[in-house]
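*Asks:* The listed protein sequences correspond, in order, to chains A and B.
Quick note: the first sequence uses the working numbering, first residue 40, plus one each step.
Quick note: the second sequence uses the working numbering, first residue 8, plus one each step.
Backbone N, C-alpha and C define an ideal beta-carbon position, used for all residues, glycine too.
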Amino acid sequence: MPVDINTIDSLNIFEHLSRTELEELASLMSRIRVTEGEVITRQGDQAHSIFILLSGNFMVFFKEDRSYTLHNKGDIVGLSAAVLPFCYTGTAVALTDGVVLSIPGQELSRLIESNPALGGKIMEKINQIISARQPFVTGGC
Amino acid sequence: MYGLDAISAHNGWQLAALGTSIVFTGLIILSLAISQIHKVLEFWDKRHTYYQRIKKLVQRKHRSEAIVSDPVLPKNVKGSVRQFKLLVEQIGEPFPLPKLLDFSEKCGFPHSHSSVNDLLQAKLIVPDGKGYFLWNHEVEKNIKI
């Protein structure tokens, strides 16, 4: 399902992007419905997509069973799809039914390479989120 | 009787000492008050900021009291609070959330994922900041089951 630009415009994570950049990003996204208990990323699997939460609640857990939960619109899961070695470090499971936006990692990488200005902004945001979550991530993928 | 004898006879020395000490004490108090005037003026200048700060603190206190006294917990989960608490006691605290989910599924709890989410939203289960979770006994006390 195509994604309306107004949907992503309201997300804090994209507040620093211009209208044109948002349109480019929106063209890569698709809207996916998830159900309670559904696993959207699995630790050790090849990281194919990044997921942005529009609704619902999620738990992400790592080796040694460390975990955190995500409850807010705009929270991101599966950032491993944007960084080497492109394999998920955690397992994300839906605690409730919800809707997520999916961005294929390969297409995002292509966009970052073709548009360095936009790429820089996206990678800066991704690095910020990864740094904040680093204490929970144990054992790699 | 005149001179020093008269002063001594009518407690003049004591009165003089008392008067001197009263005056000097007054002067010390006055000088201390003057030395602190800049703080009073600063407080007066920033009175709006302080007022807002105090207002926020009071609001925050009321909000946290409201959360503790009236946790939002769906009716269907109220019944499973005891069961989840037993599981937490069995696992021990701090506990890993995936383990709680795993145990609750094995025990056959219906909608264990959304039940855990409800407990998280009601702050009955709270993160310890290190990737594990704790049972919030304070909130539990205030739940009317």
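(1) Have a look at Ser49 (chain A) and Ser141 (chain A) and give me their C-alpha separation to the nearest angstrom.
(2) Alpha carbon to alpha carbon, how far is Val30 (chain B) from Tyr9 (chain B)? Give it in angstroms, no decimals.
(3) What residue does the beta strand (DSSP E) around Met98 (chain A) start on, and which one ends it?
(4) So which of A:Thr74, A:Ile71, A:Arg81 and A:Leu123 has the shortest CA-CA distance to Ile169 (chain A)?
(5) Quick check: the stretch 79-88 of chain A against the stretch 51-65 of chain A, are at least 3 beta-carbon pairs closer than 8 Å?
(6) What in chain A is Cβ-close to Val88 (chain B), meaning under 8 Å?
(7) Grab me the residues of Pro143 (chain A)'s own chain with a C-beta within less than 6 Å of its C-beta, minus the 5 sequence neighbours each way, in chain order.
(8) Answer with yes or no whether the minimum CB distance from Ile71 (chain A) to chain B is below 8 Å.
(9) Can you find at least 3 beta carbon pairs, one from the stretch 95-104 of chain A and one from the stretch 129-137 of chain A, that sit closer than 8 Å?
(10) Using 8 Å for Cβ pairs, my map puts Arg72 (chain A) next to Val138 (chain A). What's the rounded Cβ distance?
(11) Return the Cβ separation of Gly138 (chain B) and Tyr107 (chain A) in integer angstroms, given the expectation that the two are a contact with Cβ distance under 8 Å.
(12) Hey, how far is the Cα of Ile161 (chain A) from the Cα of Gln97 (chain B)?
*Replies:* Looking at the atomic coordinates:
(1) Just so you know, the alpha carbons of Ser49 (chain A) and Ser141 (chain A) end up roughly 16 Å apart.
(2) C-alpha separation (whole angstroms): 27 Å.
(3) Looking at the DSSP string, the run of the beta strand (DSSP E) that includes Met98 (chain A) is Phe97 to Phe100.
(4) Ranking the options by Cα distance to Ile169 (chain A), first place goes to A:Leu123.
(5) At 8 Å Cβ cutoff, the stretches do not touch.
(6) Those do not exist, as Val88 (chain B) stays about 17 Å from chain A at its closest Cβ, beyond 8 Å.
(7) The answer, listed in chain order, is Ser88.
(8) Judged by the 8 Å Cβ criterion, Ile71 (chain A) is not in contact with chain B.
(9) The stretch 95-104 of chain A makes contact with the stretch 129-137 of chain A, as at least three CB pairs between them are under 8 Å.
(10) With 8 Å as the limit, Arg72 (chain A) and Val138 (chain A) qualify as a contact, their Cβ atoms being about 6 Å apart.
(11) 7 Å between Cβ atoms; contact.
(12) Distance from the CA of Ile161 (chain A) to the CA of Gln97 (chain B), rounded to the nearest whole angstrom, comes to 44 Å.
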